Amino acid sequence: MATGDRQVYCYADPLFFEVPGRWDRGSAPFEVALRPVPAGWTRTVRGSWTHLTPPAHTLPEQGWKIHVSARSDQADRACGIVWDYCVREGVRFKHLAGPEVYLAHNSKYAPRSASGKLITVYPEDDDRLLTVLRDLSKELDGITGPRILSDLQWPDSPLYLRYGAFVERFCVDDEGAVVPALVKPDGTLAPDLRRPVFTVPEWAPVPPFVKEAMERRKTRTEFPYRVLRALHFSNAGGVYLAERNSDGRTCVLKEARPHAALDMKSEDAVRRLRREKWALELLAGAEGVPELLDHLTVDGHEFMVMEHVEGTSLWVWMARNHPMLVSEDPAPADYAAYAGKAVAILDRVERILAGFHARGLAFGDLHYGNVIVLPDGDVTLIDYEASFDASDDEHVPALGTMGFSARCGRRGVAIDHYCMASLKLALFFPFEKLRALDRSKTGRQLDFVAERFPLPEGYLDPVREILLADAGADSGTPDLPAAYGPEAAESMAAGIVASADPSRTDRLFPGDSEQFTLGGATFAHGAAGVLWALSTTGFPIRDEHREWLLEAARTPGPRQGFYDGAHGVAHVLDHLGHTDAAREAVERAVEPSRGVRGIGLYDGLAGIGLNYLHLADRWATSDFDEDIARIAELLDEALRAGRPLAGPWHASPGAAGTGGKTPPVKAGLMRGWSGAALFFLRLYRARRDPAHLDLAVSALHRDLDHCVTTASGSLQVEDPKVRTLAYLDVGSAGIALVADEVLAVREDARLREQLPALLAACAPELVLQPQLFNGRAGLVAALERPARRDPSLARDGAVRRHLDRLDWYALSYEGHLAFPGHFSLKLSMDLATGTAGVLLTTRAVMGPQGAFLPFFTDRPSAAGGPTTPTDP
1243 MATGDRQVYC
1253 YADPLFFEVP
1263 GRWDRGSAPF
1273 EVALRPVPAG
1283 WTRTVRGSWT
1293 HLTPPAHTLP
1303 EQGWKIHVSA
1313 RSDQADRACG
1323 IVWDYCVREG
1333 VRFKHLAGPE
1343 VYLAHNSKYA
1353 PRSASGKLIT
1363 VYPEDDDRLL
1373 TVLRDLSKEL
1383 DGITGPRILS
1393 DLQWPDSPLY
1403 LRYGAFVERF
1413 CVDDEGAVVP
1423 ALVKPDGTLA
1433 PDLRRPVFTV
1443 PEWAPVPPFV
1453 KEAMERRKTR
1463 TEFPYRVLRA
1473 LHFSNAGGVY
1483 LAERNSDGRT
1493 CVLKEARPHA
1503 ALDMKSEDAV
1513 RRLRREKWAL
1523 ELLAGAEGVP
1533 ELLDHLTVDG
1543 HEFMVMEHVE
1553 GTSLWVWMAR
1563 NHPMLVSEDP
1573 APADYAAYAG
1583 KAVAILDRVE
1593 RILAGFHARG
1603 LAFGDLHYGN
1613 VIVLPDGDVT
1623 LIDYEASFDA
1633 SDDEHVPALG
1643 TMGFSARCGR
1653 RGVAIDHYCM
1663 ASLKLALFFP
1673 FEKLRALDRS
1683 KTGRQLDFVA
1693 ERFPLPEGYL
1703 DPVREILLAD
1713 AGADSGTPDL
1723 PAAYGPEAAE
1733 SMAAGIVASA
1743 DPSRTDRLFP
1753 GDSEQFTLGG
1763 ATFAHGAAGV
1773 LWALSTTGFP
1783 IRDEHREWLL
1793 EAARTPGPRQ
1803 GFYDGAHGVA
1813 HVLDHLGHTD
1823 AAREAVERAV
1833 EPSRGVRGIG
1843 LYDGLAGIGL
1853 NYLHLADRWA
1863 TSDFDEDIAR
1873 IAELLDEALR
1883 AGRPLAGPWH
1893 ASPGAAGTGG
1903 KTPPVKAGLM
1913 RGWSGAALFF
1923 LRLYRARRDP
1933 AHLDLAVSAL
1943 HRDLDHCVTT
1953 ASGSLQVEDP
1963 KVRTLAYLDV
1973 GSAGIALVAD
1983 EVLAVREDAR
1993 LREQLPALLA
2003 ACAPELVLQP
2013 QLFNGRAGLV
2023 AALERPARRD
2033 PSLARDGAVR
2043 RHLDRLDWYA
2053 LSYEGHLAFP
2063 GHFSLKLSMD
2073 LATGTAGVLL
2083 TTRAVMGPQG
2093 AFLPFFTDRP
2103 SAAGGPTTPT
2113 DP
């Protein structure tokens, strides 16, 4: 899930990701939410939506649905009108419950495909569809709302149409992901595409009146610019690199959708774009400001055209230059060189801001992404939508960036001074979001920068003054133990248990926002993984937590994978001694598992096959032999072809809908060939066929083919033209862990020679996240386990340093040790992104048995104790 998609889950709770329906700012719900249920009707709340179903109602499984859009100030009235009509006419519908959930779903970084959808109406046939469209277009006259990008607009109305599923069913798409499904005329399932563009399945029936609306839609105003490529998308619209038709000049187009991308003052994208136009006009000719070229309205959307500035964002510049990111062991000269370059850039930014203030404008939202570093080292600022009149001493921003947004009631120009101070600290120590979660970390971050970087005398003094004043009341965080060791493990386990809420049915432990999509029981982000980590690290499992998982397993979701679905839940039920429940869960999963086509350990065939092998051994059964053999055959076929499977239980030259191109495999443990290698290794251990070992080695070689050697000599997975990756999920650490497992039973020159370079990728000190899958905990596991097999691979200094640096992220939850999840937006307790994963690494991996994730062998230390001391 992308950062923007997670943003929807950031409003309702200050500590954890939470569904928007639980957001309460004290606003009254929409009036319809308080109405009594009509006689014979059924009201059901599911997530953000309230469903109303008439008595004795039957619907087709799919068809044309109607979405109603309305502005924030008209939403309550629109809901009332539609309620009255649908109840009167006996039409099923659903609606958002109130202003908070409306704002979350229509905010700037809400998913674009769902934005604008206030109400959904489900006509039972085409005749009723036309009647409802005609009737509601009259009754909703005067209502306007954001355009729903996934739908076709019914002319001159706030009504939108889309052909889609009416009942919940799922299938696997071309990339192996489980997605909502439609039934094709031949009875097979196809993805119900929910993209931010209107499409109709080629086989779907299209009524004549819908065809007419589609034909009218093709008439468009000629656009005077040719889009070359998209630079960025948000719910506000796109930002595009374009070429002006009249003279071929390259420029940047910024789009604003009316009534969409609301901020905390409910201002929309158009209003902010006009503010940006005002700012650029006011600053014309000033240093560090792109030239405003044009402003136009096309098809109801507003566009601003600006000079294209060649350069890279300050975040990318830092990633390419920061000594702690590009080197395992930077020398003092490296710190000095970076400090000189960074200070020069920051001085330019500060001078540009001062120029803005002199012209009467405050910028309002300074952060990495709004600073463009030019090839010659000069600087330009972009994105002026949060700017305001510098004389407005009471201005409070309605938008801000976590870690840079002004705190402690700062208003007016003081907002820019705070953002500048935050940027000065963040460019040396990029953990600004942690300061937002715990302001007491500010002083320690400043001390670290002062110690490591030779900055000009007094350079940090004004930064300290501003940021420490902000830390003020939070300077006394409860005392926490060092982030590893027995006391730390006890504290983490206590925090995890304290966070549980067995009364909820959607999740037991708070974790990544993915649990609201995948379900709250999964191994990666839900209860199964947390309970497995607690049990593996020696902590008792409460009865009510066992019961929660047992109940969740009785109503499985559509996903069958190990980390994202049924097989992981079954594995943990068996681990906890609930063998009968585990058998039932696996039996339910066998048939749908045969439709899985992804290759990976996370959600694909490798994870399912590994679980079958594990349970076959545990239960001394041959019941899974046929499926194990079929999975081995399919993975062998995919491996030999060098591409993932393109259909259920078979491969084909090109996946449908991909232009003949097969979706790429991401190299690493969870999504790549390394998961398949682990499956073949376990299959060898069970069957003792050397051919399976050959396949394990070949699979690892495939992942190594995706790696590049960095300037520091490390071997990392290449994300083309973007970055290199060293993590457990996708990256060097996951490949190294499986290579180490294979080398324990089979010599291979390439694996042996390249394993040290993979481990070198896991050693740098600056790691932005603490988590297991994409952070420091996974790097610790990758460094520590191979040294137990081969002491020559030991990197004790790097392991110790990683453990010490866990304190950078350590936070308090009810006085217990806890860690932030993805992007440090919120705390997380799950295995993949949160506290349970850190607990697993520091207690099980570092313990005397060297235990790790399922399907890996334990690695007892030679002396019966941890290879690296667990006590700081």
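Residue numbering for the sequence shown follows the working numbering, starting at 1243 and increasing by one per position.
Positions of the beta carbon are idealized from the N, C-alpha and C atoms, including for glycine.
Keep in mind the model is a prediction, meaning the values are calculated, not measured.
Whole-number beta carbon distance between residue j and residue i, since they are thought to touch under 8 Å
i: LEU1218; j: ILE1323; result: There is simply no residue 1218 to check, as the chain begins at 1243 and stops at 2114 in what is shown.
i: GLU1983; j: THR2099; result: 7 Å
i: TYR1854; j: ILE1870; result: 5 Å
i: LEU2001; j: PRO2028; result: 7 Å
i: ALA2115; j: VAL1250; result: Nothing about residue 2115 can be read from this structure; the chain reaches only from 1243 to 2114.
i: LEU1515; j: ALA1498; result: 4 Å
i: GLU2147; j: PRO1728; result: Because residue 2147 is not part of the residues shown, which for the chain are 1243 to 2114, the question remains open.
i: ARG2030; j: ARG2101; result: 4 Å
C-beta contact flag for residue i and residue j at 9 Å
i: TYR2051; j: PHE1673; result: yes
i: ASP1658; j: PHE1751; result: no
i: SER1508; j: LEU1641; result: no
i: PRO1438; j: LEU1403; result: no
i: LEU1792; j: ALA1831; result: no
i: GLU1570; j: SER2066; result: no
i: GLU1544; j: PRO1572; result: no
i: TRP1774; j: LEU2059; result: no
i: TYR1364; j: ARG1334; result: yes
i: LEU1985; j: PHE1921; result: no
i: ALA1604; j: GLY1654; result: yes
i: ALA1827; j: ALA1858; result: no
i: ALA1584; j: LEU1669; result: yes
i: LEU1847; j: ILE1873; result: yes
Where residue i falls: helix, strand or coil (DSSP)
i: ILE1657; result: helix
i: TRP1520; result: helix
i: GLY1700; result: coil
i: PRO2062; result: strand
i: THR1286; result: strand
i: PRO1728; result: helix
i: TYR1253; result: coil
i: ALA1715; result: For ALA1715, the pLDDT reaches just 47, beneath the cut-off of 50, and the residue's location in the model is therefore unreliable, although a value from the coordinates is still provided. Looking at ALA1715 - three-state DSSP - the assignment turns out to be helix.
i: GLY1803; result: coil
i: TRP1891; result: With a pLDDT of 38 at TRP1891, under the threshold of 50, the modelled position of that residue is not reliable, and the figure given next carries that caveat. In this structure, TRP1891 counts as coil in the three-state DSSP scheme.
i: TYR1926; result: helix
i: ASP1859; result: helix
i: ASP1945; result: helix
i: CYS1328; result: helix
i: TRP1445; result: coil
i: LYS1336; result: strand
i: GLN2091; result: coil
i: ALA1604; result: strand
i: ALA1432; result: strand
Residues that residue i bridges to, as DSSP identifies them
i: GLN2011; result: Paired residue(s): none; GLN2011 is not in a bridge.
i: ALA1472; result: TYR1482
i: GLN1958; result: VAL1950
i: GLY1406; result: GLY1305
i: MET1548; result: VAL1494, LEU1534
i: TYR1364; result: ARG1334
i: PRO1422; result: PHE1412
Open item on the list: With three or more C-beta pairs closer than 8 Å as the rule, is the region 1772 to 1785 touching the region 2058 to 2078?
Closed with: Below 8 Å, enough C-beta pairs join the region 2058 to 2078 and the region 1772 to 1785 to call them touching: three or more.
Task: the region 1766 to 1773 contacting the region 1809 to 1823, beta-carbon criterion three pairs below 8 Å - done: The region 1766 to 1773 is in contact with the region 1809 to 1823.
Open item on the list: If contact is defined by three or more beta carbon pairs under 8 Å, each pair taking one atom from either stretch, is the region 2014 to 2026 in contact with the region 1970 to 1985?
Closed with: By the Cβ criterion, the region 1970 to 1985 is in contact with the region 2014 to 2026, since at least three pairs of Cβ atoms, one from each stretch, lie closer than 8 Å.
TODO: Check whether the region 1566 to 1576 touches the region 1545 to 1553, taking contact to mean three or more Cβ pairs, one atom from each stretch, closer than 8 Å.
DONE: Too few Cβ pairs lie closer than 8 Å, so no.
Open item on the list: I want to know whether the region 1356 to 1371 touches the region 1258 to 1268 - three or more CB-CB distances under 8 Å.
Closed with: Not touching, per the Cβ criterion.
Task: Given 8 Å, three or more beta-carbon pairs between the region 1309 to 1317 and the region 1372 to 1390 - done: Flag = yes, the region 1309 to 1317 and the region 1372 to 1390 touch.
TODO: Report yes or no: do the region 1692 to 1712 and the region 1745 to 1762 share at least 3 C-beta pairs separated by less than 8 Å?
DONE: No: fewer than three Cβ pairs fall under 8 Å.
Open item on the list: Below 8 Å, how does it come out for the region 1604 to 1613 and the region 1553 to 1560: are there three or more Cβ pairs, yes or no?
Closed with: A contact exists between the region 1604 to 1613 and the region 1553 to 1560.
Open item on the list: For the region 2036 to 2047 against the region 2004 to 2015, do three or more pairs of beta-carbon atoms, one drawn from each stretch, fall closer than 8 Å, so that the two count as touching?
Closed with: In this structure the region 2036 to 2047 lies against the region 2004 to 2015, because at least three pairs of beta carbons, one per stretch, are closer than 8 Å.
Open item on the list: For the structure I just gave you, are there three or more beta carbon pairs, one from the region 1327 to 1336 and one from the region 1290 to 1304, closer than 8 Å?
Closed with: By the C-beta criterion, the region 1327 to 1336 is judged to be in contact with the region 1290 to 1304, since at least 3 inter-stretch pairs fall below 8 Å.
Open item on the list: Does the structure place the region 1617 to 1631 close enough to the region 1585 to 1603 that three or more beta carbon pairs sit under 8 Å?
Closed with: Verdict: yes, contact present.
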